[in-house]
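Notes for the one structure printed next.
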Amino acid sequence: MPSFPQPSTNDASTRHLSAVAIEKVYMKGQHRIPVLRGVEMHAHRGEFLSIVGQSGSGKSTLLHLMGLLDQPTVGEVRLRCEGADGKPTETLRVDNLPAATRDVLRNRVFGFIFQFYHLLPELNVLENVLAPLMIRDSTMRYWKNRREYRDQANAIIEQVGLSHRLKHRPSELSGGEMQRAAIARALVARPEILLADEPTGNLDAQTGRGIMELLCSLNEEHGLTIVMVTHDDAIAKQSHRIVRLANGNVERLEKAA
Ligand code: ADP
Ligand code: MG
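The numbering used here numbers the first residue of the sequence shown as 19 and each following residue consecutively.
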């Protein structure tokens with residue numbers, strides 16, 4: 019297996035996904051709730067980056083902004099995605115694109131995983147993993163490519179170690195297996211960047227370690243850029259680099275041990 023070198027974080031040309039002077043204010047009736055107050059951070063291509071901070075420090079908010087699930091009040095999200103030749107293109111501001119363009123980018127560039135998996139309860143593992151391709155494609159296109167997609171889904175399910183659970187529904191899986199299914203679903207459309215919000219937050223320590231090993235191997239063997247939110251410093255230390263949020267800002271950047 020090839021092992022991708024750890025990127026240099028001083029090199030601006032390897033920046034993959036950036037938050038630039040991001041502010042986020044939620045409105046609750048007449049009340050302004052400032053959550054992020056000028057956050058600046060960069061995830062480099064092939065990097066496994068953690069965002070840590072206390073509950074309520076704005077970790078999920080920042081991850082959602084970077085994944086185009088929400089828009090900043092002030093500031094920019096910038097993306098340097100791959101062109102058709104697989105080489106990085108120029109850096110684009112993406113947070114202010116039309117909603118339909120953001121939808122397309124979100125589906126093509128990002129994979130998401132969450133603490134509570136968000137699998138569809140009526141579908142089995144294989145169907146859950148195929149769902150993003152069904153949603154992305156027209157019925158005609160999906161039908162035409164269905165065999166290839168099935169092979170693609172089977173391959174990724176094998177990679178996450180779940181081939182023996184293909185026909186199981188989420189209610190028939192353990193927590194760790196549900197997260198593995200969610201990781202397979204997040205990766206089936208071959209995203210460049212995986213965004214993970216407390217992916218081990220609902221798992222016991224040993225199962226959580228298994229999920230972290232899987233994420234580390236996806237990063238090392240496939241060069242997948244990962245941005246992971248966690249409140250658990252021990253989990254964060256397994257990534258390349260840690261960004262700590264406090265008082266709406268990046269308190270410090272730490273190198274993981
Ligand atoms: P974390 O993930 O670090 O626990 P969040 O990003 O979820 O923090 O939330 C940060 C703060 O923003 C919290 O005080 C939370 O209550 C508030 N918040 C989050 N989402 C919303 C929303 N949609 N509307 C209003 N306030 C919100
Ligand atoms: Mg959160």
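In this text, a Cβ means the ideal position worked out from N, Cα and C, and glycines have one as well.
Quantities reported herein were computed from a predicted structural model and do not represent experimental measurements.
Limits of the beta strand (DSSP E) - the one that residue i falls within
| i | result |
| --- | --- |
| His-49 | 49 to 62 |
| Gly-194 | Not the beta strand (DSSP E): Gly-194 falls in the alpha helix (DSSP H), residues 193 to 205. |
| Gly-93 | 92 to 97 |
| Asp-29 | Counting along the chain, Asp-29 falls outside any beta strand (DSSP E), and DSSP gives it neither H nor E. |
| Glu-272 | 267 to 273 |
| Glu-216 | Unbroken run through Glu-216: none, as it is neither H nor E. |
| Ser-257 | Here Ser-257 belongs to no beta strand (DSSP E), and DSSP marks it neither H nor E. |
| Lys-185 | No beta strand (DSSP E) contains Lys-185, which DSSP labels as neither H nor E. |
Residue i to residue j span [Cα, whole Å]
| i | j | result |
| --- | --- | --- |
| Ala-149 | Gln-48 | 39 Å |
| Gly-179 | Arg-203 | 13 Å |
| Gly-266 | Gly-104 | 35 Å |
| Ala-207 | Tyr-160 | 13 Å |
| Pro-106 | Glu-41 | 27 Å |
| Pro-52 | Glu-190 | 41 Å |
| Tyr-44 | His-82 | 13 Å |
| Ile-174 | Ile-201 | 9 Å |
Per DSSP, the bridge partner or partners of residue i
| i | result |
| --- | --- |
| Thr-243 | Ile-211 |
Residue i - containing alpha helix (DSSP H), residue span
| i | result |
| --- | --- |
| Pro-162 | First, the amino acid is wrong: residue 162 is Lys here, not Pro. Note, Lys-162: alpha helix (DSSP H), 157 to 162. |
| Lys-77 | 77 to 84 |
| Arg-154 | 143 to 154 |
| Asp-251 | 251 to 254 |
Enumerate, from N- to C-terminal direction, the unbroken beta strand (DSSP E) stretches of 3 or more residues contained entirely within the segment 98 to 134.
Restricting attention to beta strand (DSSP E) runs no shorter than 3 residues, the segment 98 to 134 encloses them at 128 to 132, ordered along the chain.
Are there three or more Cβ pairs, one per stretch, closer than 8 Å when the segment 84 to 102 is compared with the segment 31 to 38?
Result yes; three or more Cβ-Cβ pairs closer than 8 Å.
Contact between the segment 240 to 251 and the segment 62 to 82 (3+ Cβ pairs under 8 Å)
Contact annotation: the segment 240 to 251 touches the segment 62 to 82, with at least three C-beta pairs closer than 8 Å.
Taking contact to mean at least 3 C-beta pairs separated by less than 8 Å, is the segment 179 to 195 in contact with the segment 139 to 147?
With a cut-off of 8 Å, the segment 139 to 147 and the segment 179 to 195 count as touching, because enough Cβ pairs lie within range.
Decide yes or no for the touch test of the segment 119 to 129 against the segment 209 to 226: beta carbon pairs closer than 8 Å, at least 3 of them.
Under the three-pair Cβ rule at 8 Å, the segment 119 to 129 counts as touching the segment 209 to 226.
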